[in-house]
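Working notes, structure below.
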Amino acid sequence: MSRHELKEGRYRIAVGWDRPLSTFFGIVTSGPRDHVHLWVGASSREVLSIDALAAALAPYHALSIEMRTRLYQDRVDALDTGPTDLQRTLSKIVDPSLNHRPEE
Numbered sequence: 003m004s005r006h007e008l009k010e011g012r013y014r015i016a017v018g019w020d021r022p023l024s025t026f027f028g029i030v031t032s033g034p035r036d037h038v039h040l041w042v043g044a045s046s047r048e049v050l051s052i053d054a055l056a057a058a059l060a061p062y063h064a065l066s067i068e069m070r071t072r073l074y075q076d077r078v079d080a081l082d083t084g085p086t087d088l089q090r091t092l093s094k095i096v097d098p099s100l101n102h103r104p105e106e
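Counting from 3, one number per residue, gives the positions in the sequence shown under my numbering.
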């Protein structure tokens, strides 16, 4: 999993690639108690593109081209590692649709 911390005015933003869930994520918080304004990418394959992540974050922060490039590279780097056996097993528990395999 990658995680990058950003600051935009009163907002703190965390973005990254979550390999076990196969999704980009974005979390926007503010204040001393970390009030959550937005949290996307908390479920499996929820945010599949950087453009979708940028659109969700747009009211709070504009993702720079540098950050978009970094997120893309984070995802590419994660492709080389693949999920562990434990992650595959847990994914099937969390998302039962992953148990179905098409007939060959």
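In this text, a Cβ means the ideal position worked out from N, Cα and C, and glycines have one as well. Treat the numbers as computed from the prediction; the structure is a model and nothing was measured.
query = Could you give the distance in angstroms between the alpha-carbon of residue 94 and the alpha-carbon of residue 22?
reply = Counting from one through the sequence shown, the residue named residue 94 turns up at place 92. Counting from one through the sequence shown, the residue named residue 22 turns up at place 20. If you take the alpha carbons of residue 94 and residue 22, they lie about 11 angstroms apart.
request  = Give, in chain order, every unbroken run of the beta strand (DSSP E) that is at least 3 residues long and sits entirely within the segment 6–85.
outcome  = Whole beta strand (DSSP E) segments, 3+ residues: 6–10, 13–20, 25–32 and 37–42.
inquiry  = Can you give me the C-alpha to C-alpha distance between residue 106 and residue 92, rounded to a whole angstrom?
reply    = Here residue 106 corresponds to residue number 104 of the sequence shown, with the count starting at 1. Here residue 92 corresponds to residue number 90 of the sequence shown, with the count starting at 1. With a pLDDT of only 45 at residue 106, under the threshold of 50, the placement of this residue in the model should not be trusted, and no figure is reported.
request  = Under 8 angstroms by Cβ, that's how I've got residue 55 and residue 42 pegged, so tell me the actual separation to the nearest angstrom.
outcome  = As a first step, residue 55 must be located in the sequence shown, where it is residue number 53. As a first step, residue 42 must be located in the sequence shown, where it is residue number 40. In this structure residue 55 touches residue 42 by the C-beta definition: roughly 7 angstroms separates them, less than 8 angstroms.
message = Once the 5 residues before and after residue 47 are set aside, which same chain residues still bring their CB inside 6 angstroms of it?
response = As a first step, residue 47 is located in the sequence shown; it is residue number 45 there, counting from the start. For residue 47, same chain residues with a beta-carbon under 6 angstroms away, outside a window of 5 residues either side, are 24 and 25 in chain order.
inquiry  = Quick check: what's the CA-CA separation for residue 58 versus residue 66?
reply    = Sequence index remark: in the sequence shown, residue 58 carries index 56 (1-based). Sequence index remark: in the sequence shown, residue 66 carries index 64 (1-based). Straight-line Cα distance between these residues: approximately 14 angstroms.
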